[in-house]
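Each protein sequence line maps, in turn, to chains A and B.
All residue numbers for the first sequence refer to the UniProt record's numbering, where the first residue is 1 and numbers rise by one.
All residue numbers for the second sequence refer to the UniProt record's numbering, where the first residue is 1 and numbers rise by one.
One structure is given below, encoded as structure tokens.
Protein chains: 2
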Amino acid sequence: MAESGDLESSIIKTFRNSGYRATPQRIAISRYILSTHEHPTAQKVFSEVKKDHPTVSLATIYTTIKALKDMGMLQELNHPQSETRLDPNMEPHLHLICSRCERISDWMDPEMEDFIARVSDEADFVVTGLRFDLKGICKRCRDGGKGDRSLAAAGESSSAKDADYTAVKV
Amino acid sequence: MAESGDLESSIIKTFRNSGYRATPQRIAISRYILSTHEHPTAQKVFSEVKKDHPTVSLATIYTTIKALKDMGMLQELNHPQSETRLDPNMEPHLHLICSRCERISDWMDPEMEDFIARVSDEADFVVTGLRFDLKGICKRCRDGGKGDRSLAAAGESSSAKDADYTAVKV
DNA sequence: CTACTTGCAAACCATTTGCATAATC
DNA sequence: GATTATGCAAATGGTTTGCAAGTAG
Numbered sequence: 001m002a003e004s005g006d007l008e009s010s011i012i013k014t015f016r017n018s019g020y021r022a023t024p025q026r027i028a029i030s031r032y033i034l035s036t037h038e039h040p041t042a043q044k045v046f047s048e049v050k051k052d053h054p055t056v057s058l059a060t061i062y063t064t065i066k067a068l069k070d071m072g073m074l075q076e077l078n079h080p081q082s083e084t085r086l087d088p089n090m091e092p093h094l095h096l097i098c099s100r101c102e103r104i105s106d107w108m109d110p111e112m113e114d115f116i117a118r119v120s121d122e123a124d125f126v127v128t129g130l131r132f133d134l135k136g137i138c139k140r141c142r143d144g145g146k147g148d149r150s151l152a153a154a155g156e157s158s159s160a161k162d163a164d165y166t167a168v169k170v
Numbered sequence: 001m002a003e004s005g006d007l008e009s010s011i012i013k014t015f016r017n018s019g020y021r022a023t024p025q026r027i028a029i030s031r032y033i034l035s036t037h038e039h040p041t042a043q044k045v046f047s048e049v050k051k052d053h054p055t056v057s058l059a060t061i062y063t064t065i066k067a068l069k070d071m072g073m074l075q076e077l078n079h080p081q082s083e084t085r086l087d088p089n090m091e092p093h094l095h096l097i098c099s100r101c102e103r104i105s106d107w108m109d110p111e112m113e114d115f116i117a118r119v120s121d122e123a124d125f126v127v128t129g130l131r132f133d134l135k136g137i138c139k140r141c142r143d144g145g146k147g148d149r150s151l152a153a154a155g156e157s158s159s160a161k162d163a164d165y166t167a168v169k170v
């Protein structure tokens with residue numbers, strides 16, 4: 001994972017290489033999305049970025065998301081009756097989605113690529129992208145019982161709350 | 001797979017058992033959704049059902065979809081920038097989604113359940129539902145090159161076009 | 001300097017909802 | 001006959017777009 005300064009210059013390079021201008025808004029938006037593990041919604045990105053760029057608009061959030069997507073830097077996860085969430089992890093991985101606290105955790109499994117390769121082969125289907133979600137109840141919610149839906153609540157940065165259950169086995 | 005009459009009476013029972021009335025509209029909508037393999041959109045269901053029930057409204061399509069979902073008879077698949085598509089297959093399976101012709105095919109794999117059980121165990125996550133999509137190019141589009149996007153075009157029933165590439169290895 | 005971006009507000013569009021009428025049980 | 005469902009039309013809400021003013025290269 002890149003250090004703060006590295007991330008920023010890599011973001012700038014990425015935009016310029018793709019013919020986009022590296023504006024302060026784009027940099028701030030990208031920096032936030034690419035470094036969080038919480039799979040934020042566009043609204044969450046908006047409220048986070050507003051802290052440093054009070055005049056940023058939701059439209060800019062959305063166009064930047066589209067640019068990042070075009071450049072292959074993130075993917076979007078949609079689920080019925082809930083807002084689209086963003087995922088900057090472009091490696092094959094699966095999502096553990098807790099129905100109680102609505103956290104989405106990444107899970108990397110060493111056998112996944114082989115499994116996909118085999119299906120691709122058997123089905124004669126050229127795979128260009130994938131999406132693997134498991135829905136259920138996470139350990140934390142099962143233990144504590146007190147699942148909270150704090151995702152909606154703005155004003156908190158990428159905290160330990162996410163970090164300690166995310167990106168296991170990377 | 002149930003024969004036509006069986007399907008209808010099973011639909012009626014299912015609704016009544018769950019406290020819903022078995023109206024002609026609901027029966028027609030359910031019958032179509034539950035017996036097609038094409039993973040239709042709500043609009044597609046609307047145009048199909050209108051053939052026999054010219055006065056049916058989109059609102060009824062949507063409320064019936066919700067009822068079927070509540071009863072565990074179908075799931076919804078959403079993807080960025082495209083309409084929600086319906087899937088009456090509630091067994092663990094994966095989707096082969098062709099980016100060219102937009103067909104969605106089901107693929108059952110014998111190892112899938114074991115794989116999920118292992119992840120569930122390792123991640124300490126109680127799985128209640130899943131969603132596994134592979135995006136890419138299907139054999140037909142690769143061979144013929146003439147991928148068509150006929151899904152949007154109404155007025156055609158569940159044809160061989162879908163049937164011969166759907167639900168392989170059931 | 002020029003073209004691309006931003007921020008605002010209006011437009012979009014799939015889906016949901018309110019309500020009077022109609023149909024189920 | 002009481003209650004639930006339908007169909008219409010209006011509302012919703014996340015996302016997109018048009019445009020004048022601002023900014024990157």
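Glycine is no exception: its CB is placed at the ideal position from the N, C-alpha and C atoms.
DSSP state of residue i mapped onto helix, strand, coil
i       : result
K51(A)  : coil
T84(B)  : strand
F125(A) : coil
D143(A) : helix
T133(A) : According to the sequence as given, residue 133(A) is Asp; it is not Thr. If DSSP states are grouped into helix, strand and coil, D133(A) belongs with the strands.
S99(B)  : coil
E8(A)   : helix
D109(B) : coil
Any C-beta of chain B under 9 Å from that of residue i
i       : result
T84(A)  : yes
V168(A) : In this prediction, V168(A) has a pLDDT of 34, which is less than 50 and means its spatial position is unreliable; what the coordinates show is noted afterwards. By this cut-off, V168(A) is an interface position.
E48(A)  : no
C98(A)  : yes
S105(A) : yes
Contact list for residue i against chain A, beta-carbon separation under 9 Å
i      : result
P80(B) : K69, Q75, E76, L77, N78 and T84
8 Å CB neighbourhood of residue i in its chain, flanking five on each side removed
i       : result
E76(B)  : I65, K69, T84, R85, L86 and D87
C141(A) : C98, R100, C101 and G147
P110(B) : none
E8(B)   : I27 and R31
H93(A)  : D106, W107, M108, D109, M112 and F132
K51(B)  : none
Q25(B)  : V49, H53, V56, T60 and T64
M74(A)  : Checking the displayed sequence, the identity of residue 74(A) turns out to be Leu instead of Met. Result list for L74(A): I33, L34, I65, L68, L86, D87, P88 and M90, in chain order.
Cutoff 6 Å; reference residue i; Cβ partners in own chain excluding five residues on either side
i      : result
H95(A) : I104 and D133
T41(B) : E83 and R85
Y20(A) : A67
N78(B) : T84
Where residue i meets chain B, residues with beta-carbon distance less than 9 Å
i       : result
T64(A)  : Correct list: empty, because the minimum Cβ distance to chain B is about 15 Å.
D124(A) : C138, K139 and R142
7 Å Cβ shell around residue i - same chain, five flanking residues per side excluded
i       : result
Y32(B)  : V45, E48 and V49
F125(B) : none
I137(A) : C98, S99 and R100
V127(B) : I116 and S120
K135(B) : I97 and S99
M71(B)  : T14 and S18
Any C-beta of chain A under 9 Å from that of residue i
i       : result
D133(B) : yes
A45(B)  : What sits at residue 45(B) in the sequence shown is Val, not Ala. Judged by the 9 Å Cβ criterion, V45(B) is not in contact with chain A.
D109(B) : yes
Chain-ordered chain B contacts of residue i [CB-CB under 8 Å]
i      : result
L94(A) : V119
Amino acids of chain A, ordered along the chain, whose beta-carbon sits closer than 7 Å to that of residue i
i       : result
L130(B) : D133, L134 and K135
E113(B) : Here the premise fails: no neighbours, minimum Cβ distance about 12 Å.
Proximal chain A residues relative to residue i, where beta-carbon distance stays under 8 Å
i       : result
I116(B) : L134
V127(B) : L134, K135 and G136
Which whole runs of the beta strand (DSSP E) in the stretch 17-75 of chain A are 3 residues long or more, in chain order?
none
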